[in-house]
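Participant: Protein chains in written order, with our numbering: chain A, 1 to 290; chain B, 1001 to 1466; chain C, 2001 to 2358. We put the beta carbon where it would ideally sit given N, CA and C, even for glycine. All values reported here derive from a predicted model rather than from experimental measurement.
1. In or out: residue 2261(C) buried (at least 16 other Cβ within 10 Å) or exposed?
2. Please work out which residues of its chain come closer than 6 Å, Cβ to Cβ, to residue 264(A), disregarding the five sequence neighbours upstream and downstream, and give them in chain order.
3. Just verifying my parser: in three-state terms, what is the DSSP assignment at residue 2146(C)?
4. Would you please verify whether the beta carbon of residue 294(A) is less than 8 Å from any beta carbon of chain B?
5. Kindly give me the distance between the Cβ atoms of residue 2335(C) and residue 2067(C), rounded to whole angstroms, as I take these residues to be in contact under 8 Å.
6. Anyone know if the C-beta pair for residue 46(A) and residue 1299(B) falls short of 8 Å?
7. Could you tell me how far apart the beta carbons of residue 1174(B) and residue 1339(B) are, in whole angstroms, since I believe they sit closer than 8 Å?
8. For residue 1249(B), name the three-state secondary structure that DSSP assigns.
9. So residue 2049(C) contacts chain B; which residues on that side make the cut at Cβ distance below 8 Å?
10. I want to see whether chain B comes within less than 8 Å of residue 51(A), judged by CB atoms only; does it?
11. Compute the Euclidean distance between the alpha carbons of residue 180(A) and residue 102(A), then round it to the nearest angstrom.
12. Check whether the Cβ of residue 83(A) lies closer than 8 Å to any Cβ atom in chain C.
13. Verify the CB distance criterion: does residue 2349(C) have a CB-CB separation below 8 Å to chain A?
14. Measuring straight from C-alpha to C-alpha, what distance separates residue 2297(C) and residue 2345(C)?
15. Verify the CB distance criterion: does residue 2175(C) have a CB-CB separation below 8 Å to chain A?
16. Enumerate in chain order the residues of its own chain whose CB-to-CB distance from residue 2320(C) is below 7 Å, with the five nearest sequence positions on each side excluded.
17. Show which residues of chain C have a CB atom less than 7 Å away from the CB atom of residue 213(A).
18. Which whole runs of the beta strand (DSSP E) in the stretch 1259-1344 of chain B are 3 residues long or more, in chain order?
19. Cβ of residue 1292(B) less than 8 Å from any chain C Cβ?
20. Listed from N- to C-terminal order along the chain, which residues in the stretch 248-264 of chain A have their beta-carbon within a distance smaller than 7 Å of any beta-carbon of chain B?
21. Residues of chain B with CB under 8 Å from residue 47(A), in chain order?
22. Decide if the stretch 64-72 of chain A is in contact with the stretch 208-228 of chain A; the criterion is three or more beta carbon pairs, one per stretch, under 8 Å apart.
23. So what does DSSP say about residue 2127(C), is it helix, strand or coil?
24. Chain C beta carbons: is any one of them nearer than 8 Å to that of residue 1286(B)?
25. From residue 2131(C) to residue 1075(B), what distance separates their C-alpha atoms?
26. Pick helix, strand or coil for residue 2077(C), following the three-state DSSP scheme.
27. For residue 1032(B), does the three-state DSSP call read helix, strand or coil?
28. Since residue 2321(C) meets chain B, which of its residues come closer than 8 Å, beta carbon to beta carbon?
29. Quick one: residues in its chain with C-beta nearer than 8 Å to the C-beta of residue 1423(B), no 5 flanking neighbours on either side, listed in chain order?
30. Mind listing which residues of the stretch 1390-1413 of chain B have their C-beta closer than 9 Å to chain A's C-betas, in chain order?
31. Give every residue of the same chain whose Cβ lies closer than 6 Å to the Cβ of residue 1078(B), excluding the five residues on either side of it in the sequence, and list them in chain order.
32. What residues from the stretch 140-158 of chain A come within 7 Å of chain B, judged by C-beta to C-beta, listed N to C?
33. Within 10 angstroms of the Cβ of residue 32(A), are there 16 or more other Cβ atoms? Answer buried if so, exposed if not.
34. So which residues on chain C does residue 219(A) lean against when the C-beta distance must stay under 7 Å?
35. Quick one: is residue 246(A) near chain B, going by C-beta distance under 8 Å?
36. Where does the unbroken beta strand (DSSP E) through residue 109(A) begin, and where does it stop?
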């Protein structure tokens, strides 16, 4: 009897780990293919059939090349792009989180008239395709005479701010009313309640939305391309990658593009690893509210 | 208490904002210093100093910005040309602004500048199909001394760049479609270089069957650009023109595409798909075709001159095994190559159009074109340079191209302006529907004719013999 | 007295609420008001993008009519001398009049979109802009299928990652990798894997397994195009869903589960009675933003299908940058806006996120 239960447990456990393995492979394999491609020369990329590791076309021996990585790092634009992307994406995230969480607190926990319209209007801001609003936005930016970085940060609000506001609103709303009421009984102002009690409670939500906005800003291409066009020193990574060219016009340096995208993904992975702790810490915070 | 926190909140908000602005202005600060250091000549810094001391004297430097390509050493060569110009004209600073290599992205960017009537860019590097559409934004270079030099360039290009009698762009470097063939395989199967499409078809079939039997199951006879995009317009125009089917819309604004010769050759091309060309050819652009070709998996390829140098690079599987020829002929008895390449145009919104025009003409001068031909193998647009010994020594391949360029066919971009993009899209979509077997060429071209009438308002006519 | 106090408090609260909303409103007014307003306005004109000094005319709803007009006409059969319907000798199918001769040309020309047979009669659907009508269809199919798959997969992954096991931290990082890869680059990556020959990963593997002959054209074969695109998008954006749902899961208090455990509720029951209802608001918000992005899908379509098949946004790009038809492009923008609003309202109503429980 007990043995049966145990085998059942083992089967369950194995199935679970198999599932995890499957997710792991599914999520990572295309990225592995990018790494694989980034280690191949043009001739190796053209080989048929494609090889799972870089191999010499003649001898079929394992022979990766780091040529793509070297030329990516030699390209001054790329390193500068990393710096620019970091500045722009970080500022965008902080601004969107700060401003968005105020709005979300107001929309999620305070009573006032015109709440529904406010929610819809904020969402409506992000409902147009980027290409459509680009011309108008470019005109505004020109009028204001903003620097390229600032224009990117501001224009990214168009898609990050409604997102943070909405997600945080839904999380604030989820928090039990009693917390606010008991804080108010203790003599705390609504804003103090927000800052000292609600904000820490929604830490996992803050980290999550922050991360998602950061990546969205980090990956944005069309606005960045346009706003940095006459200020090349402000170009972000996606733009810099798009500016990668082959030796000759029309040649697409696929290996280098893959190398660059691998390099670019690393900082984000590190960032996630760092925030992991915050996300897990949020777990314990979640227990408080019950 | 609450007020205090509110004030604090606002403060935080304002602070973050100022931080960004400060951060940004700091950066612009370093930018200018780096610019100054890059202009190492003491003279430059001197003028800049006087400039800042007694605000805006007449000796203020004129800044001309050239927006151009950034491929490989292209940017370097453009900067070199700028340096050459600045040495002769110390009161002018020529800045080079690199733009994306992808033509669509570059056009998108230019359109943003032009829509905003931005004076930031003075000289634009434009594709051969853009002069007609963008003519309104550019000055007439004939008024700035281009008249004297226009005859030195390929006629087709000057004609292409002349809109309503105005020369809106000066040719800079050029391109045309070529037939790449595997010399070693032709020899192996005892075949001649094909002169007609029929010969090509036969040769491709023979080699493909032979190579597959020999064990290379990925081998194909002929690869080309069959995706639904501008590249298909180029390829299909070559088929049609070589078969005496005209150039879609003639220079005198007649719609000529719906004719039996065009129908015949497009149906023929459709028969290649899945036989001598892979099914997937209808998804292929230049690079996809080259990837198959350069791995040694194709006997023939239609492509631009750029693939020559790459095919002969050290790690290429076909290094030294191939050569190029003019594209095969159809009924007309003459092959046709679609004209490509880039031009320089001067913006109407420039603050100094005269200086900008001077820079553009200098960039397109024999001196600079020769430098670019020898150091970067950019094909000159000036006819006499194809006999220049230095150029032929640096790249013997260029001599062969002369005949192709002089006979090249321009796309009807100037005649159909400002609707060329619509015309081209309708054309390649029609051809595409035939290639994929959705329609037969007769039906597709009949419908295309109607569509073209809608878009351009032109009348239907007969194609003229070339 | 107490009541008075309450209303005073309420007023204060309302004031605070407005003040907290102020920065958001300021920013959005600054950057969104003019661009969005001008899109609406331009959609009623024939403005050319970068049209130099060309004058712009106000043309009312013309752009919308141009984009959305649809008609259905019956195709009469072709008869032979005996009054019998002709049969195509090649395909062995009855012949009908060609659509191009039946569809109206005035005041605007209708082009063939599709044909169908109903009760023995042949009909043709004509549209003034068949490309846009199919773009709408492609986008809707893409949106519905990919968002549904992403939600299910995202939920599954979030549940897995939320449970306790060794290497959870690593899994959570791995889970985010697809979302972190730059969109344009990820599209190019997949383009490489989907090559129509054995340069590509899929053809290499499928060929080894004996499927196809190493020449499957994923991106040009009609029936494989949308499934390929959907697969790419599901891979890329499932992490977005998973991460949002994970955050939602973490906010569910453990005590709820503990209580259920004591009541003897099964895991499955717990999932349906606790997890799903508690996740509803999170899923709703995630759905709204995913759908919003899916309806505006651009990069994957642009890189993988270019002009072969349009999504609404790539068609928009084509009209604006290619044809420089800014009026028409703006109208497309507005139509996309309307589609998104409809979806958003449906989600919000169905899942009740905007209702105040208090």
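Facilitator: Reading off the structure:
1. The residue is exposed, with fewer than 16 neighbouring Cβ atoms inside 10 Å.
2. Result list for residue 264(A): 237, in chain order.
3. Taken through DSSP and simplified to helix, strand or coil, residue 2146(C) comes out as helix.
4. This structure does not reach residue 294(A), given that chain A is present from 1 up to 290, and the question cannot be answered.
5. Contact between residue 2335(C) and residue 2067(C) holds, with the beta-carbon distance rounding to 7 Å and staying under 8 Å.
6. Not in contact: residue 46(A) and residue 1299(B) (Cβ atoms no closer than 8 Å).
7. That pair is a contact at about 7 Å.
8. Here residue 1249(B) sits in strand by DSSP.
9. Chain B residues near residue 2049(C): 1111 and 1115.
10. Judged by the 8 Å Cβ criterion, residue 51(A) is not in contact with chain B.
11. Those two C-alpha atoms are separated by around 16 Å.
12. Answer no: the Cβ-Cβ gap between residue 83(A) and chain C never drops below 8 Å.
13. In terms of beta-carbon proximity, residue 2349(C) stays away from the interface with chain A, with every pair separated by 8 Å or more.
14. Across the structure, residue 2297(C) and residue 2345(C) are spaced so that their CA atoms are roughly 20 Å apart.
15. It does: the Cβ of residue 2175(C) has a partner Cβ on chain A nearer than 8 Å.
16. So the qualifying residues of the chain are 2049, 2326 and 2329.
17. Neighbours of residue 213(A) in chain C, taken as residues at a C-beta separation under 7 Å, are lacking, since the least C-beta distance is about 11 Å.
18. 1298-1303 and 1322-1325, all fully within the stretch 1259-1344 of chain B.
19. With 8 Å as the cut-off, residue 1292(B) counts as an interface residue toward chain C.
20. Using a CB distance below 7 Å, the part of the stretch 248-264 of chain A facing chain B consists of 248, 249, 250, 251 and 252, ordered along the chain.
21. Those within 8 Å of residue 47(A) in chain B are 1295.
22. No, the stretch 64-72 of chain A does not touch the stretch 208-228 of chain A.
23. Of the three classes helix, strand and coil, the one that applies to residue 2127(C) here is strand, per DSSP.
24. It does not: the Cβ of residue 1286(B) has no partner Cβ on chain C nearer than 8 Å.
25. Rounded to whole angstroms, residue 2131(C) and residue 1075(B) show a C-alpha spacing of 39 Å.
26. If DSSP states are grouped into helix, strand and coil, residue 2077(C) belongs with the strands.
27. Its pLDDT being 35, under 50, residue 1032(B) is placed unreliably in this model, and the value from its coordinates should be taken loosely. Residue state, collapsed to three classes: helix.
28. Proximity of chain B to residue 2321(C) at the Cβ level (cut-off 8 Å) is accounted for by 1104, 1107, 1108 and 1111, in chain order.
29. The beta carbon of residue 1423(B) sits closer than 8 Å to the beta carbons of 1248, 1249, 1412, 1416, 1452, 1455 and 1456 from its chain, once the five residues preceding and following it are set aside; these are given in chain order.
30. Of all residues in the stretch 1390-1413 of chain B, none has a Cβ within less than 9 Å of some Cβ in chain A.
31. Residues 1068 and 1096 of the same chain have their beta carbon placed closer than 6 Å to that of residue 1078(B), with the five preceding and five following residues left out of the count.
32. Hits within the stretch, in order: 142, 147, 149, 150 and 153.
33. So residue 32(A) counts as exposed.
34. For residue 219(A), the chain C residues whose C-beta falls within less than 7 Å of its own C-beta are 2182 and 2183, listed in chain order.
35. At least one CB of chain B lies nearer than 8 Å to the CB of residue 246(A).
36. Counting along the chain, residue 109(A) falls outside any beta strand (DSSP E), though it belongs to the alpha helix (DSSP H) covering 76-109.
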